[in-house]
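In our numbering, the protein residues as written are 79 to 191. Only one structure is covered here, and it is reproduced in the block below.
Set out below in structure tokens:
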């Protein structure tokens, strides 16, 4: 069952086993090829084509090792990630921020902005 999308606030801190827990985070990184300015961009290490996510709810089809770049310009400038059962598992730092050592195995949904 999905959460109440209208009233679900972004978490202020990350939870254990988060996507960005491996120390590959950087603030203000340049956008990789294929990433759009003002969006949350994410990819898998074995796929050269990234996914760009604008403000709103999204299903995530990434698995395994990868990366993300938060370049959101609207709202809270954060992305909240959820597991298969819609449990929140991680909230990114405020944009601009990136993680080059992300693990997408537990992320099935996200809310940007």
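We put the CB at the ideal spot given by N, CA and C, even for glycine.
> From which residue to which residue does the beta strand (DSSP E) around residue 146 run?
Replying inline: Here the beta strand (DSSP E) through residue 146 covers 143-148.
> Apart from the five residues just before and just after residue 153, which ones in its own chain have a Cβ nearer than 7 Å to its Cβ?
Replying inline: Apart from the 5 residues on each side of it in sequence, residue 153 sits with its Cβ closer than 7 Å to the Cβ of 133, 191 in its chain, given in chain order.
> Just checking my contact of residue 142 with residue 178 at CB under 8 Å: how many whole Å lie between their CB atoms?
Replying inline: Between residue 142 and residue 178 a beta carbon distance of about 14 Å is seen, past the 8 Å cut, so the two are scored as non-contacting.
>> Within 10 Å of its beta-carbon, does residue 125 have 16 or more other beta-carbons around it, so buried, or fewer, so exposed?
In response: When all chains shown are included, residue 125 counts as exposed.
> So, using beta-carbon positions, are residue 189 and residue 157 closer together than 8 Å?
Replying inline: Yes.
>> Looking only at its chain, what residues have a beta carbon closer than 6 Å to the beta carbon of residue 151, apart from the 5 residues adjacent to it on each side?
In response: The beta carbon of residue 151 is closer than 6 Å to those of 116 in its chain, skipping five residues each way along the sequence.
>> Our contact map puts residue 140 next to residue 122 with C-beta atoms below 8 Å; I'd like the distance itself, whole angstroms only.
In response: At roughly 5 Å, the Cβ-Cβ gap stays under 8 Å, so residue 140 and residue 122 are in contact.
>> Measuring only the C-alpha atoms, how far is residue 164 from residue 187?
In response: Near 7 Å, if we compare the C-alpha coordinates of residue 187 and residue 164.
>> Assuming the contact rule is C-beta atoms closer than 8 Å, residue 175 and residue 166 should be a hit. Round their C-beta distance to whole Å, please.
In response: Residue 175 to residue 166, Cβ: 18 Å. No contact.
> Helix, strand or coil for residue 189 per DSSP?
Replying inline: In the structure shown, the three-state DSSP call for residue 189 is strand.
>> Beta-carbon within less than 8 Å of residue 185's beta-carbon, same chain only, minus the 5 sequence neighbours each way: which residues are those?
In response: If we look at residue 185 and ignore the five residues flanking it on each side, its Cβ neighbours are 97, 138, 140, 159, 160, 161, 167, 168.
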